[in-house]
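S.K.: Please see the structure below; I have some questions.
Residue numbers (this note's numbering): 426 to 682.
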C-alpha cells in the first residue's frame, strides 16, 4: 500500500509542478500585450476496483483505490484584456473578438492580439519582428499622419492635400475554437484542426470586434489571482512530497521488518 501511495503522491507532485510552471509563465507575461493567460487542466488516473457497487447484499458504494492525477491539457483563456492608451498612432487594440493576421517568412499566416505595429522601409505595416500585416497595408512615402477608424479603414494625410487618402482596411480573423490555436512564441498563434478554419471579416461586422487606435490590449493576467493559485499549488506540492516521505518511511519499516 505504501508503494501505491508513493506513486500516487508522485503524480500529484508532478502535476502541481506543471501548474506552478504555467502560473510562472502567466506572471512572466504580465507585460506582454495581447497575451492570453494559460490554465492547466487535470484529470484523475484509472482506479483499482476491489469491489463494484451493488444494490443489495454488499456495499452500495463499492471499494476503489485512486492512482493519482495527470495533466491533460493547457488552455489559453481568450477573455478580453484591459485597454491601455498609448497615443501612438500605430498601436491598435481589438475590443472584442478577432485576431490580426500576420504573414510569416515562409508565407504561412499566424495570428496575434498584439496590435503594436511599425512601418518598414517599404511603407508596409509590420509587427515588432518585421512581419507584415495581412492583408497588407502600405503607406505612401510622404505620409504626414495616419488615422485608423474603428472599422479598420486606414487614411493618411499627405503634403498639399488636406483631404485624407484611404490606403486600405485592416481586417480581423476569428476561429470557432480559439483555445485550439497553437502558440508558437513571439506572441503568435497558428491554426490547427482543433481551432477550426479561420473566418476573415471587417472590424465591427458580424461577430468581429472593433479597433481602437492609440491603444494596446494588456495581458488578461490577474496578478492577485495568479499569486493565490501559486500559493495553493505550492502547498499541494509540499503536501504530496510529505506523502512521498511518509510512504518511504512506511516501506522501509515494512522491509526491515
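The beta-carbon is built from N, C-alpha and C at its ideal position, and this holds for glycine as well.
1) Comparing C-alpha positions only, which one of 596, 549, 570, 548 sits nearest to residue 525?
2) Figure out for me which residue from 568, 603, 468 has the closest Cα to the Cα of residue 546.
3) What's the call for residue 478, buried or exposed, on a 16-neighbour Cβ count within 10 Å?
4) Secondary structure at residue 631, three-state DSSP: helix, strand or coil?
5) For residue 536, count neighbouring Cβ atoms within 10 angstroms of its own Cβ and tell me buried if that reaches 16, exposed if not.
6) Ignore the nearest five residues each way along the sequence and tell me which others in residue 570's own chain have a CB closer than 6 Å to its CB.
7) Taking one C-beta from the stretch 623-630 and one from the stretch 433-448 each time, how about it: are there three or more such pairs within less than 8 Å?
8) Looking at residue 665 and residue 505, is the spacing between their C-beta atoms short of 8 Å?
9) So, at 8 Å on beta carbons, what are the nonlocal neighbours of residue 468 in its own chain, with the 5 sequence-adjacent residues on each side left out?
10) Would a C-beta distance cut-off of 8 Å place residue 559 and residue 629 closer than the cut-off?
11) Determine the direct distance from the alpha carbon of residue 590 to that of residue 565, and round the result to whole angstroms.
12) Quick check: the Cα distance between residue 426 and residue 616, rounded to an integer number of angstroms?
13) With the cut-off set at 8 Å, would you say residue 549 and residue 612 are in Cβ contact?
14) Skipping 5 residues on each side, what residues in its chain have a beta carbon closer than 8 Å to that of residue 668?
15) Excluding the five sequence neighbours on either side, which residues of its own chain have a C-beta within less than 7 Å of the C-beta of residue 513, listed in chain order?
16) Please report the distance separating the alpha-carbon of residue 445 from that of residue 551.
17) Using the DSSP secondary-structure output, state which residues sit across from residue 459 in a beta bridge.
18) Can you give, in chain order, each stretch of the alpha helix (DSSP H) that sits fully within the stretch 590-634 and has at least 4 residues?
19) Please report the distance separating the alpha-carbon of residue 621 from that of residue 652.
20) Would you say residue 634 and residue 521 are within 8 Å of each other, going by their C-beta atoms?
21) I'd like to know whether the C-beta atoms of residue 679 and residue 455 end up nearer to each other than 8 Å.
22) Look at residue 518 and residue 674 and say whether their C-beta atoms are less than 8 Å apart.
23) Does the beta-carbon distance from residue 529 to residue 488 come in below 8 Å?
24) What would DSSP say about residue 464, mapped onto helix, strand or coil?
25) Is it right to say residue 587 is buried, meaning 16 or more other beta carbons lie within 10 angstroms of its own, or is it exposed?
26) Looking at the structure shown, is residue 526 part of a helix, part of a strand, or coil, going by DSSP?
27) Within 10 angstroms of the Cβ of residue 421, are there 16 or more other Cβ atoms? Answer buried if so, exposed if not.
M.R.: Let me lay it out:
1) Taking only the C-alpha atoms, the option nearest residue 525 is 596.
2) Among 568, 603, 468, the Cα nearest to that of residue 546 is on 568.
3) The C-beta of residue 478 has fewer than 16 other C-beta atoms within 10 Å across all chains shown, which makes the residue exposed.
4) DSSP places residue 631 in the coil class of the three-state scheme, outside both helix and strand.
5) Taking every protein chain shown into account, the CB of residue 536 has 16 or more other CB atoms within 10 angstroms, so this residue is buried.
6) When the five nearest sequence neighbours on each side are left out, the beta carbons in the same chain lying within less than 6 Å of the beta carbon of residue 570 are those of 582, in order along the chain.
7) The way I'd put it, the stretch 623-630 doesn't touch the stretch 433-448; fewer than three beta-carbon pairs between them come closer than 8 Å.
8) When the beta-carbon positions are compared, residue 505 and residue 665 stay at least 8 Å from each other.
9) Annotation for residue 468: 494, 495, 497 place their beta carbon closer than 8 Å to its own, counting only its chain and skipping 5 residues before and after.
10) Taking 8 Å as the Cβ cut-off, residue 559 and residue 629 do not qualify as a contacting pair.
11) Going by the C-alpha atoms only, they are around 10 Å apart.
12) Any reading at residue 426 must be qualified, since the residue scores a pLDDT of 48, below 50, and its modelled position is unreliable; the value itself is stated next. Distance between the alpha carbons of residue 426 and residue 616 is about 46 Å.
13) Their beta carbons are not under 8 Å apart, which means residue 549 does not touch residue 612 by this criterion.
14) The beta carbon of residue 668 lies closer than 8 Å to those of 430, 431, 433, 434, 437 in the same chain, with the five residues before and after it left out.
15) Same-chain partners within the cutoff: 639.
16) So the alpha carbons of these two residues sit roughly 35 Å apart.
17) Residue 459 is not bridged to any residue.
18) Whole alpha helix (DSSP H) segments, 4+ residues: zero.
19) About 33 Å.
20) Annotated as proximal: residue 634 and residue 521, with beta-carbon spacing under 8 Å.
21) Against a cut-off of 8 Å, the Cβ pair of residue 455 and residue 679 comes out as no contact.
22) In this structure, the beta-carbon distance from residue 518 to residue 674 does not fall below 8 Å.
23) In this structure, residue 488 does not lie closer than 8 Å to residue 529 by Cβ.
24) Here residue 464 sits in strand by DSSP.
25) Around the beta carbon of residue 587, fewer than 16 other beta carbons sit within 10 angstroms, so the residue counts as exposed.
26) Of the three classes helix, strand and coil, the one that applies to residue 526 here is strand, per DSSP.
27) What is shown of the chain runs 426 to 682, which leaves residue 421 out entirely.
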